[in-house]
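See below for the structure under consideration.
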Amino acid sequence: MKKQIADLGFETLITADKIEERVKAIGVQINEDFKDTVPLIIGVLNGGFLFTADLIKQVTIPCEINFTKLASYYGGTTSTLKIREDIDLSIDIKGRDVLIIEDIVDTGNTAHYLIEKLKLKEPASLTMCSLLLKPAALQKKIEELKYIGFEIGNEFVVGYGLDYKEMGRNLADIYKKVN
Ligand code: IMP
Numbered sequence: 024m025k026k027q028i029a030d031l032g033f034e035t036l037i038t039a040d041k042i043e044e045r046v047k048a049i050g051v052q053i054n055e056d057f058k059d060t061v062p063l064i065i066g067v068l069n070g071g072f073l074f075t076a077d078l079i080k081q082v083t084i085p086c087e088i089n090f091t092k093l094a095s096y097y098g099g100t101t102s103t104l105k106i107r108e109d110i111d112l113s114i115d116i117k118g119r120d121v122l123i124i125e126d127i128v129d130t131g132n133t134a135h136y137l138i139e140k141l142k143l144k145e146p147a148s149l150t151m152c153s154l155l156l157k158p159a160a161l162q163k164k165i166e167e168l169k170y171i172g173f174e175i176g177n178e179f180v181v182g183y184g185l186d187y188k189e190m191g192r193n194l195a196d197i198y199k200k201v202n
């Protein structure tokens with residue numbers, strides 16, 4: 024399906040059904056991998072809000088949930104490499120098994136920044152889950168990235184939490200920009 028968002032045209036890349044199926048499968052993996060602990064799940068806003076909400080409904084083991092808010096795109100379609108921290112994590116993560124939930128890892132700079140920052144707070148372990156990964160855009164290896172929903176090409180996407188100029192976050196499917 025085609026969509027116009029602000030000045031750009033988009034077409035469907037991943038349907039809501041496929042997302043739901045993948046989210047369920049990741050939930051099963053998390054339940055198994057964290058069954059001997061009470062993980063502290065940290066959702067990264069804004070882009071990760073829908074994925075975090077859907078994923079934690081599949082997490083049936085005891086867990087805690089918190090959020091942090093980072094911004095790195097500033098409304099364009101390419102990474103600016105500048106990261107702005109809008110909401111800092113207010114809780115103590117020392118000694119906790121932390122699972123970070125991201126919407127997308129593009130260059131990897133945001134993930135790297137967040138992981139390095141959280142490491143200073145001495146968690147027992149740090150694991151990352153990202154709905155999307157753009158392997159061709161990755162500039163830094165993220166060892167902590169254990170769960171990946173979908174690998175996509177080096178293309179700009181919106182929907183299911185992801186935005187273009189703050190629009191499109193509400194879309195149930197994920198769309199890619201058409202040239
Ligand atoms: P990175 O630092 O380059 O890995 O970019 C990570 C952040 O940029 C993500 O958390 C998103 O907020 C944003 N981002 C990266 N790629 C896209 C995209 O294709 N669409 C919308 N936002 C994106």
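Counting the sequence shown from 1 gives a position; the working numbering is that position plus 23. All C-beta atoms in this analysis are idealised placements derived from N, C-alpha and C, irrespective of residue type, glycine included.
Query, Result
"Taking 8 Å as the cut-off, does the stretch 159 to 177 touch the stretch 82 to 92 (at least 3 CB pairs, one atom from each stretch)?", "no"
"Are there any heavy atoms of ligand 1 lying less than 8 Å away from the beta-carbon of Ala159, as far as the coordinates show?", "no"
"Is DSSP giving Gln52 helix, strand or coil here?", "helix"
"Could you tell me which residues DSSP puts in a beta bridge with Val180?", "Lys199"
"Should the stretch 171 to 180 be regarded as contacting the stretch 32 to 45, the criterion being three or more beta carbon pairs within less than 8 Å?", "yes"
"Skipping 5 residues on each side, what residues in its chain have a beta carbon closer than 8 Å to that of Gly118?", "Glu145, Pro146, Ala147"
"Measure the C-alpha to C-alpha separation of Ser153 and Val128 and round it to an integer number of angstroms.", "7 Å"
"By Cβ distance, which residues of its chain are closer than 7 Å to Thr75, with the 5 residues on each side in sequence left out?", "Gly66, Ile124"
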